[in-house]
Structure formats: C-alpha cells, structure tokens
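What follows is a short report on a single structure.
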Amino acid sequence: RKLALLALQKRDSSIKSILTHAPHAVLFHLNHFPASGDPTPTWEKLDIEGVLYLVSTITGQFRLILFDNEQAPSGAGLEYTGASQRDMWMADLSHDVVAEQHGHTLHLRTANNEVFALWMARPEVADRV
Numbered sequence: 026r027k028l029a030l031l032a033l034q035k036r037d038s039s040i041k042s043i044l045t046h047a048p049h050a051v052l053f054h055l056n057h058f059p060a061s062g063d064p065t066p067t068w069e070k071l072d073i074e075g076v077l078y079l080v081s082t083i084t085g086q087f088r089l090i091l092f093d094n095e096q097a098p099s100g101a102g103l104e105y106t107g108a109s110q111r112d113m114w115m116a117d118l119s120h121d122v123v124a125e126q127h128g129h130t131l132h133l134r135t136a137n138n139e140v141f142a143l144w145m146a147r148p149e150v151a152d153r154v
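For the sequence shown, this note's numbering begins at 26 and goes up steadily by one.
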C-alpha cells in the first residue's frame, strides 16, 4: 500500500492517504440523449477500467481515482467530474457529487446532472468504497 501511495503522490502531490481500493472497476456514463433517437437514457461504457482508489487529500477532500490497466500514462487532460487523462479518471467527492451504491455499482451524480457508474465485480467491494 505504501508503494501505491508513493505512485499516486507522484501524480498528485495533494494526496495524503489511501482509504481503500477496488482491484478492478469499470467506468460507465449515463447518456441522457443516445444517438439512437430513443429518449430512454442508456449506460455507455467508457474506455477506462482498472484499479480504483479512494484517497484523502491534504485539504481534507476525498477523491476517487481510477487507473486504466490498458493505457500508457498520458498528460492529456479531459474534464469530467474532476479530471480525466487517457490512463486515469478522477472525481472529487464534495457536496456537489452524490454517491449511491447499487449492488455492484457506485453511482456518482454531479451538480450538472451527469451520472457516472463504477462497476465492481463484487458488491462488498462497492460497499467498502
């Protein structure tokens, strides 16, 4: 765990500690306007899955960080709830983000009504996170 913390701190120096982790998680996004024309929102799997960490920061915030097992590290950022790069996705857990567990998944609803789901193989892992 100490090695993982050092690796995380190398990417983000504000990380203070690892609270828990999930060995494998898959990221989904709820698309409210699917291209099919059907008005029913659909879950779309995003191209990132791997180890998920719940960390605390030196400012007292909590953050979820998902590292992609398939991608090489990248510096190109893309905004989601917090930040995303080709090889990782982050979400700061604040009063603007509502987290709910639904069995194997942890749903995150943002203030602007975006919904993400982190799927984990076992419900007890989702419960722990």
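Positions of the beta carbon are idealized from the N, C-alpha and C atoms, including for glycine. None of these values were measured; they are calculated from a predicted model.
In this structure, MET145 places its C-beta atom within 8 Å of the C-beta atom of ALA47. From the listed residues HIS57, ALA136, GLN126, the smallest Cα separation to LEU143 is found for GLN126. In the DSSP secondary-structure assignment, LEU118 is bridged to PHE87. When beta bridges are read from the DSSP output, HIS127 appears opposite THR130. When secondary structure is reduced to three states using DSSP, GLU139 falls in the coil class, being assigned neither helix nor strand. Its Cα nearest to that of ASP93, the residue GLU74 stands out among HIS54, GLY85, TYR78, GLU74. With 16 or more neighbouring CB atoms inside 10 Å of its own CB, ASP112 falls in the buried class. Close CB contacts of ALA136 within its chain, under the 8 Å cut and outside five residues either way in sequence, are with ASP121, VAL122 (chain order). Counting along the chain, PRO148 sits inside the alpha helix (DSSP H) bounded by residues 148-153. Taking C-beta separations shorter than 8 Å and ignoring five residues to either side along the sequence, the partners of LYS70 in its chain run VAL51, LEU52, PHE53, following chain order.
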